[in-house]
Amino acid sequence: MAKKTLKRSSSNRVIAGTVGGLGEYFGLSRTVINVIRVLIVLGTFGSWGTLLIVYVIASLLMTPSQG
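Residue numbers (the numbering used here): -16 to 50.
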């Protein structure tokens, strides 16, 4: 059984494929990931700037998928 790895999506992407990669890893749609992301930001951080910083860091840490 192959080990799942967290990678940016090459097919399910809008900007960098980070949200699409999270969706593919957890088996969720990109819409569900976006709703969860917004709820987390509004519930804990309260800042869209923090969301942007977390997104940029995640897209830099996640390797792009091949194909």
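Cβ coordinates follow ideal geometry from the N, Cα and C atoms, glycine included.
(request) Please state if the CB of Arg(-4) and the CB of Gly6 are separated by a distance shorter than 8 Å. (result) For the 8 Å CB-CB criterion, Gly6 and Arg(-4) do not form a contact.
(message) Can you tell me whether Thr14 is helix, strand or coil according to DSSP?
(response) Thr14 falls in the helix class under three-state DSSP.
(request) Classify Ile16 as buried or exposed, calling it buried when 16 or more other Cβ atoms lie within 10 Å of its own Cβ. (result) Ile16 is buried by the Cβ-count criterion.
(message) Quick check on DSSP: helix, strand or coil for Arg(-4)?
(response) Coil, per DSSP.
(request) Please report how far the alpha carbon of Ser(-6) lies from the alpha carbon of Gly0, in whole angstroms. (result) Taking the straight line from one Cα to the other gives about 8 Å.
(message) For a test of the three-state rule: what should DSSP assign to Thr(-12), helix, strand or coil?
(response) In the three-state scheme derived from DSSP, where H, G and I count as helix and E and B as strand, Thr(-12) is classed as coil.
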